[in-house]
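**Student:** Here it is, the structure, as structure tokens.
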Amino acid sequence: MIKFTSVFKAFPKGGLALKDVSFHVGKGEFAFLTGHSGAGKSTVMKLIYAEERPTSGEVRVSGYNVNEMKPREVPLLRRKLGIVFQDFRLLEDRTAEENVAFALEVTSARSSTIAARVMRVLTQVGLAAKAQAYPRELSGGEQQRVAIARALVNEPTVLLADEPTGNLDERATRGVFQLLRDINASGTAVVMATHDLDLVRQAPYRVIELQEGALVYDSAVDEARDQATGGTV
Amino acid sequence: MNLTLREAMLTFKRAPLLSALSVTTIAFSLFVLGLFGLVVVNLQGALQGVEERVEIVAYLLAGTPGEATAQALTDIQGFPEVQTANYVSEDDALARARAELVELRDVMEELERNPLPASIEIKLKPGFRDADHVSLVAERLRGFGFIDDVRFGRDWVEKLDRLRGLAAAVGIVVGAAFAVVAIIIIGTTIRMAVLQRSREIAIMRLVGATDGFIRRPFLLQGAIKGLLGGAVAIGLSFAAYLLINRYLLQSSFFTTEQAAAIVGFGAVIGLLGSATSVGRHLRRV
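If you're matching them up, the sequences are chains A and B in order. Each residue of the first sequence is one higher than the one before, starting from 29 at the first, in my numbering. Each residue of the second sequence is one higher than the one before, starting from 3 at the first, in my numbering.
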């Protein structure tokens, strides 16, 4: 699904954003990507949705090789992904419904099916009643739910969430996180970048930790090794 | 297509001020171009008026038989360059001289014999009224045995040629300069519209919109703005024309085709300006 093999990424002005990062996220998996600000979480995300290309190493996502992708293939990859950001990135002058429909319209979905699909995801995120509200009329948590609905409406195989709860209060955070868990439970892989360790501890999900661009911990690998060595290192 | 149209129209609704500004900028840029165009059109009209007076006169030998003259007249009218060829008999020439040269009327009354020769007056078709063609036709006329002399204002026709060349050169250079300025100003305005929506463009890309999909509404919107700007420019030019006609001098306005060309030019600039602005923006982000 997502496979990083010895990925290096250099900053344009020198220095390395990522150093020899390798990991694999499988179908339907939920993985946290943790680390301090500047550790390289967002760079990993950008490599996954082909906003950036690796300097060396290989990034494979949903059958695409990000290294060798042609520019016109990038939109096709992104239609297989759902992307959610800390700052929601909604269009302020469109209603919740229109924001979600927008993601379908750009993929030239059949217009007769759009309204029904939009309502289905808005219902899924619990915002069917606020379909006609503009982003400014919604709380932060609600806006993030709209963003998640937009990410889901194309039925992605992977949902990327870059600090999705970073701007939310505790209650909204719990709600959004639960929503992501539900989405994962229904079969969609979720990669969630966060530095909220409380959230990470709450759930029994895989944790990939970055430090200054290097992968320093991967629970999938380290736990397997711990079990193999009887918990002693 | 519906979606493209809807998105293009939404821009006018969402950013009415910036849209109005774009249209106004385009309108005034094209208005300046239009005013210059009016000058060119009227100058050309004036030149054409002068051109129409380009005339070749072939004087006939005295005693040329009528049949020969009639035959020659038919032949000359058959020349591809010739618009009209008229026979002026000796008597007609005298009558005309009497009417035109009032101060010599007394002298003419006393003439025993008409000294004026018969002639054929030839006007050329538009496009042949330059020194080269006039000389060519004159040369051919000299070939007729009974034609005594052929006259045309050689210096005058050559001057007209130079004037025409100068007018065309100035028209092209100044016109191109104005057009370039208009294109730059319009391009900048459209760039502002693109930047204003850069956030939206970024989001469109994130959700998997192709560049073509993102571009189309901007192109349509640019073309519409250009079209509106062009229409306003024609309106302003017409108002200027009315004022000039009323207070300054009798002038003429664009033909329908010329006006349509200016509006079309606006649409094309709007389209190209949008294409380059969006293209540059998409390549950069």
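Positions of the beta carbon are idealized from the N, C-alpha and C atoms, including for glycine.
Flag F215/B as yes if its beta-carbon sits less than 9 angstroms from any beta-carbon of chain A, otherwise no.
**Tutor:** For the purposes of this step, residue 215/B is identified with residue 213 of the second sequence, where counting begins at 1. It does: the Cβ of F215/B has a partner Cβ on chain A nearer than 9 angstroms.
**Student:** Find out if the Cβ-Cβ distance for the pair L63/B, I122/B is shorter than 9 angstroms.
**Tutor:** Residue mapping note: residue 63/B aligns to position 61 of the second sequence, counting from 1. Residue mapping note: residue 122/B aligns to position 120 of the second sequence, counting from 1. Their beta carbons are not under 9 angstroms apart, which means L63/B does not touch I122/B by this criterion.
**Student:** Could you say which of L75/B, E92/B, D93/B and S91/B lies nearest to Q85/B if we only look at CA atoms?
**Tutor:** As a working note, residue 85/B is residue 83 in the second sequence. Nearest option by C-alpha distance: L75/B.
**Student:** Are the beta-carbon atoms of G110/A and G215/A separated by less than 9 angstroms?
**Tutor:** Position 82 of the first sequence, counted from the first residue, corresponds to residue 110/A. Position 187 of the first sequence, counted from the first residue, corresponds to residue 215/A. No, Cβ-Cβ distance for G110/A and G215/A is not below 9 angstroms.
**Student:** So, for L150/A: in the same chain, excluding its five sequence neighbours on each side, which residues have a beta-carbon less than 6 angstroms away from its beta-carbon?
**Tutor:** In the first sequence, the residue the question calls residue 150/A occupies position 122. Counting only Cβ-Cβ distances below 6 angstroms, and skipping sequence neighbours, we find A156, A159 and A177.
**Student:** Is there a C-beta anywhere in chain A that falls below 9 angstroms from the one on G210/B?
**Tutor:** Residue mapping note: residue 210/B aligns to position 208 of the second sequence, counting from 1. Chain A contact via Cβ: present.
**Student:** In terms of DSSP beta bridges, what is N93/A paired with?
**Tutor:** Residue numbering aside, residue 93/A sits at position 65 when the first sequence is read from its first letter. N93/A is bridged to R88/A.
**Student:** Taking 9 angstroms as the cut-off, decide whether the C-beta atoms of R209/A and A231/A are in contact.
**Tutor:** Numbered from its first residue, the first sequence carries residue 209/A at position 181. Numbered from its first residue, the first sequence carries residue 231/A at position 203. Yes; because the gap between Cβ atoms is below 9 angstroms, this pair is in contact.
**Student:** Taking Cβ-Cβ distances below 7 angstroms as the criterion, which residues of the region 183–209 of chain B are in contact with chain A?
**Tutor:** Answer in chain order: E202, I205, M206, L208 and V209.
**Student:** Of the residues I185/B, D94/B and G210/B, which one's Cα is nearest the Cα of P117/B?
**Tutor:** Within the second sequence, numbered from 1, the residue matching residue 117/B stands at position 115. The shortest C-alpha separation from P117/B is found at D94/B.
**Student:** Around the Cβ of Y243/B, are there at least 16 other Cβ atoms within 10 angstroms (buried) or fewer (exposed)?
**Tutor:** Here residue 243/B is taken as the residue at index 241 of the second sequence, counted from 1. With 16 or more Cβ atoms within 10 Å of its Cβ, Y243/B is classed as buried.
**Student:** Which chain B residues are close to L155/A, counting only those with a beta carbon under 8 angstroms from its beta carbon?
**Tutor:** Walking along the first sequence from the start, residue 155/A turns up at place 127. Chain B residues near L155/A: none, gap ~18 angstroms exceeds 8 angstroms.
**Student:** Please go through the same chain and pick out, in chain order, the residues whose beta-carbon is closer than 6 angstroms to the beta-carbon of A242/A, but skip the five residues on each side of it.
**Tutor:** Walking along the first sequence from the start, residue 242/A turns up at place 214. Within the same chain, A242/A has close Cβ partners K47.
**Student:** Here's the rule: buried if 16 or more other CB atoms are within 10 angstroms of the residue's CB, otherwise exposed. What is Y77/A?
**Tutor:** Here residue 77/A is taken as the residue at index 49 of the first sequence, counted from 1. When all chains shown are included, Y77/A counts as buried.
**Student:** Can you list, in chain order, the stretches of the beta strand (DSSP E) that have 3 or more residues and sit fully within the region 146–203 of chain B?
**Tutor:** Listed in chain order, they are 149–153.
**Student:** So who's on the other strand from Y89/B, going by DSSP bridges?
**Tutor:** Locating residue 89/B in the second sequence gives position 87, counting from the first residue. Partner(s): I122/B.
**Student:** Which residues in chain B sit within 7 angstroms of V134/A, going by Cβ to Cβ distance?
**Tutor:** Locating residue 134/A in the first sequence gives position 106, counting from the first residue. Those are M206, V209, G210, A211 and F215, listed as they occur along chain B.
**Student:** Using beta carbons (cut-off 9 angstroms, strictly below), is F205/A in contact with chain B?
**Tutor:** Numbered from 1 along the first sequence, position 177 holds the residue referred to as residue 205/A. Not one chain B Cβ lies under 9 angstroms of F205/A.
**Student:** Determine contact between the region 202–212 of chain B and the region 134–147 of chain A, defined as no fewer than three beta-carbon pairs at a distance below 8 angstroms.
**Tutor:** The region 202–212 of chain B vs the region 134–147 of chain A: in contact.
**Student:** For the 8 angstroms Cβ check, are there 3 or more pairs between the region 101–110 of chain A and the region 172–190 of chain A?
**Tutor:** The region 101–110 of chain A, when compared against the region 172–190 of chain A, does touch it at the 8 angstroms Cβ threshold.
**Student:** For chain B, find out if any of its Cβ atoms is closer than 9 angstroms to the Cβ of N182/A; answer yes or no.
**Tutor:** Looking up residue 182/A in the first sequence gives position 154. Closer than 9 angstroms: yes.
**Student:** Near H135/B, which residues of its chain fall below 7 angstroms by C-beta distance, leaving aside the five closest residues on each side in sequence?
**Tutor:** The residue labelled residue 135/B in the question sits at position 133 within the second sequence. Only E83 and L126 meet the Cβ criterion.
**Student:** Beta-carbon separation of F14/B and Q223/B under 9 angstroms?
**Tutor:** Stepping through the second sequence from its first residue, residue 14/B is reached at position 12. Stepping through the second sequence from its first residue, residue 223/B is reached at position 221. Closer than 9 angstroms, so yes.
**Student:** Kindly confirm or deny that the region 114–130 of chain A and the region 67–74 of chain A touch, where touching means at least three C-beta pairs closer than 8 angstroms.
**Tutor:** At 8 angstroms Cβ cutoff, the stretches do not touch.
**Student:** Using the Cα positions of F60/A and S139/A, report the straight-line distance between them to the nearest angstrom.
**Tutor:** Numbered from 1 along the first sequence, position 32 holds the residue referred to as residue 60/A. Numbered from 1 along the first sequence, position 111 holds the residue referred to as residue 139/A. Roughly 36 angstroms separates the two Cα atoms.
**Student:** Nearest-angstrom Cα distance between F36/A and K98/A?
**Tutor:** Along the first sequence, one-based indexing puts residue 36/A at 8. Along the first sequence, one-based indexing puts residue 98/A at 70. Going from the Cα of F36/A to the Cα of K98/A covers about 20 angstroms.
**Student:** Listing by chain order, which chain A residues have their CB less than 7 angstroms from the CB of L5/B?
**Tutor:** For the purposes of this step, residue 5/B is identified with residue 3 of the second sequence, where counting begins at 1. Going along chain A in sequence order, the residues near L5/B (Cβ under 7 angstroms) are E133.
**Student:** Looking only at C-alpha atoms, which of S24/B, A10/B and G39/B sits nearest to G180/B?
**Tutor:** Looking up residue 180/B in the second sequence gives position 178. In the sequence under discussion, the amino acid at residue 180/B is Phe, which differs from the Gly named in the question. The candidate whose alpha carbon is nearest that of F180/B is G39/B.
**Student:** If you reduce the DSSP assignment to three classes, tell me which class E33/A lands in.
**Tutor:** As a working note, residue 33/A is residue 5 in the first sequence. Inspection of the sequence shows that residue 33/A is occupied by Thr rather than by Glu. If DSSP states are grouped into helix, strand and coil, T33/A belongs with the strands.
**Student:** Consult DSSP for G110/A and reduce its assignment to one of helix, strand or coil.
**Tutor:** Indexing the first sequence from 1 puts residue 110/A at position 82. G110/A falls in the strand class under three-state DSSP.
**Student:** Check each candidate in A70/B, G214/B and S239/B and name the one with the smallest Cα separation from T257/B.
**Tutor:** Translated into positions along the second sequence, residue 257/B becomes position 255. When only C-alpha atoms are compared, the closest one is S239/B.
**Student:** So that I know if they touch, is there some Cβ in chain A lying closer than 9 angstroms to that of R16/B?
**Tutor:** On the second sequence, residue 16/B is found 14 positions in, with the first residue counted as 1. It does: the Cβ of R16/B has a partner Cβ on chain A nearer than 9 angstroms.
**Student:** Just grab the DSSP bridge partners of K47/A for me.
**Tutor:** Here residue 47/A corresponds to residue number 19 of the first sequence, with the count starting at 1. Note: K47/A sits in a beta bridge opposite A242/A.
**Student:** So, at 8 angstroms on beta carbons, what are the nonlocal neighbours of V128/A in its own chain, with the 5 sequence-adjacent residues on each side left out?
**Tutor:** Indexing the first sequence from 1 puts residue 128/A at position 100. Contacts found: V146, V149, L150, V174, A177, R178 and V181.
**Student:** Should V175/B be labelled buried (16 or more other beta-carbon atoms within 10 Å of its own) or exposed?
**Tutor:** Indexing the second sequence from 1 puts residue 175/B at position 173. By the 10 Å Cβ count, V175/B comes out exposed.
**Student:** Where does the unbroken alpha helix (DSSP H) through L61/A begin, and where does it stop?
**Tutor:** Here the question's residue 61/A lines up with position 33 in the first sequence. Counting along the chain, L61/A falls outside any alpha helix (DSSP H), though it belongs to the beta strand (DSSP E) covering F58 to T62.
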